[in-house]
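Numbering (UniProt numbering), first residue to last: 1 to 479.
Presented below is the structure to which this report refers.
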């Protein structure tokens, strides 16, 4: 054995299934998704066609006519082709992160934009309602289908199926760091079965031998080793003729894929990181979505709001709404509204409960807080006490999605980095809401908020809202 240490934990090695190759299960999963995409698109187009027309009317194309059923088939083909061109079926996209959903939405909008342009150029007079039905129905069906497949894939991976077997090359600390990140990501398609520590006497040939012994199909090179161009070349040479992939682990963390762009100068690979911006078109779009979403929410949920208000008023003394000073964007204070879920003496009673605090950092958390009323416990469990914040969103104090709105006393103790939470409007929901809510530690909630501040996107917001709705059906971590 060389001076470098080769390590493979028997427990982890035995957990992963060695039988099926990475290429085989990737292709099998891709075929399933392709089939479900085709069914989703065809189903949406046919349903919209039947709802709108019911029969098979004709459309005028210049001096000739054609059947709407023909147009429906064309729409389905163009849509499916757009999904392929936008890379929604690529192995590095399938079942991973929010990029899969973003690409589906972008591909769908591009497909219908192209169809609209072609119809205008061809002077085809079509019923707009057909497209107004097909597009949202198709997008919703595609996203739901991919979400269901992702849930199925996670279930398979929990049983150690559909996982690549990876060996990590680097120092002991780097191997642990990479393994930890992979282990915490439910969508990771690798399972670390061993590591090869670099150092004096390290030979690239060891990687091929060890990967073969562990039936590994992926070699992940950690950050310090990845900076050695000669080493990477030799590792690639050693892996020639095998089915193994060579993957480089970047030292970048908490940077969304959409902010990364790859370039090259005279053979030198470069990673371009987009600097976060807090003004511009996306922020205008975000504000527009906030106005529309909060206004619709207040109107559609008005019966629910009224019922909750009556329940709070009847079951406990005090005002229906709880008003509290919070800090918003640019450290501007505002009054945040919630349905009252505690007794009116909650603030004065807090001192006696501080010794029982279950939270770390400046937040007070107590799982069985005696100040919470019976109705308040139900409201908190399903986050219904937050609904009045739709008004805060409408008037511009908050956003539908954003960091958690902090108290003034929290902001006083903020470190410099933590103050970056205040660069955008706080939200009714956010990554902290779908990531664990009250079960999160202070450091975890700060990390999620800072990640959101620097990496948010309009499509990402829609995904957070959707996941929030799902969380409310099966609430966890709320108290």
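Just so you know, even glycine gets a beta-carbon here, dropped at the ideal spot from N, CA and C.
Remember, it's a predicted structure, so these values are computed and weren't measured experimentally.
Option nearest residue i by Cα separation, candidates the options
{"i": "residue 141", "options": "244, 42, 473", "result": "42"}
{"i": "residue 208", "options": "181, 178, 246", "result": "246"}
{"i": "residue 172", "options": "378, 199, 435, 275", "result": "199"}
{"i": "residue 257", "options": "455, 472, 38", "result": "455"}
{"i": "residue 239", "options": "269, 403, 217", "result": "217"}
{"i": "residue 234", "options": "214, 261, 255, 206", "result": "206"}
{"i": "residue 214", "options": "165, 174, 155, 385", "result": "165"}
{"i": "residue 399", "options": "90, 267, 221, 287", "result": "287"}
{"i": "residue 162", "options": "74, 98, 94, 414", "result": "94"}
{"i": "residue 146", "options": "187, 366, 122", "result": "187"}
{"i": "residue 282", "options": "314, 307, 460", "result": "460"}
{"i": "residue 22", "options": "243, 289, 457, 346", "result": "243"}
{"i": "residue 176", "options": "402, 159, 197, 158", "result": "197"}
{"i": "residue 301", "options": "76, 156, 384", "result": "384"}
Start and end residues, beta strand (DSSP E) containing residue i
{"i": "residue 164", "result": "164-170"}
{"i": "residue 190", "result": "190-197"}
{"i": "residue 23", "result": "Careful: residue 23 lies outside any beta strand (DSSP E), inside the alpha helix (DSSP H) at 22-52."}
{"i": "residue 333", "result": "333-339"}
Reduced DSSP category for residue i - H, G, I as helix; E, B as strand; rest coil
{"i": "residue 469", "result": "helix"}
{"i": "residue 125", "result": "strand"}
{"i": "residue 214", "result": "coil"}
{"i": "residue 324", "result": "strand"}
{"i": "residue 114", "result": "helix"}
{"i": "residue 93", "result": "coil"}
{"i": "residue 399", "result": "strand"}
{"i": "residue 303", "result": "helix"}
{"i": "residue 460", "result": "helix"}
{"i": "residue 427", "result": "strand"}
{"i": "residue 61", "result": "In this prediction, residue 61 has a pLDDT of 48, which is less than 50 and means its spatial position is unreliable; what the coordinates show is noted afterwards. If DSSP states are grouped into helix, strand and coil, residue 61 belongs with the strands."}
{"i": "residue 474", "result": "coil"}
Residue span of the alpha helix (DSSP H) that contains residue i, given as start and end
{"i": "residue 451", "result": "442-455"}
{"i": "residue 435", "result": "Careful: residue 435 lies outside any alpha helix (DSSP H) and carries neither H nor E."}
{"i": "residue 410", "result": "408-412"}
{"i": "residue 393", "result": "389-394"}
{"i": "residue 375", "result": "374-381"}
Between the region 23-35 and the region 116-127, are three or more C-beta pairs nearer than 8 Å? No, because fewer than three Cβ pairs between the region 23-35 and the region 116-127 fall closer than 8 Å, the two stretches do not touch.
Do three or more CB pairs link the region 125-145 to the region 178-186 at distances below 8 Å? With fewer than three CB-CB distances shorter than 8 Å, the region 125-145 does not count as touching the region 178-186.
Using a Cβ distance threshold of 8 Å, determine whether the region 391-398 contacts the region 323-342, with at least three qualifying pairs required. Short answer: they touch.
Would the region 289-304 and the region 313-332 be scored as touching if the rule is three or more Cβ pairs under 8 Å? By the Cβ test, the region 289-304 is not in contact with the region 313-332, since fewer than three Cβ pairs between them sit closer than 8 Å.
Could you give the uninterrupted runs of the alpha helix (DSSP H) lying entirely in the region 213-285, keeping only those of 4 residues or more? The region 213-285 contains these whole alpha helix (DSSP H) runs: 223-226, 229-238.
Is there contact here, the region 417-432 with the region 445-453, by at least three beta-carbon pairs under 8 Å? Enough Cβ pairs lie closer than 8 Å, so yes.
Does the region 32-42 come close enough to the region 76-83 to have 3 or more Cβ pairs within less than 8 Å? These segments touch.
For the region 101-113 and the region 86-93, state whether three or more C-beta atom pairs, one from each stretch, are separated by less than 8 Å. Yes: at least three Cβ pairs fall under 8 Å.
Under 8 Å, with one C-beta from each stretch per pair, do the region 298-314 and the region 370-387 reach the 3-pair mark? As far as the Cβ criterion goes, the region 298-314 touches the region 370-387, which means the pair count is three or higher.
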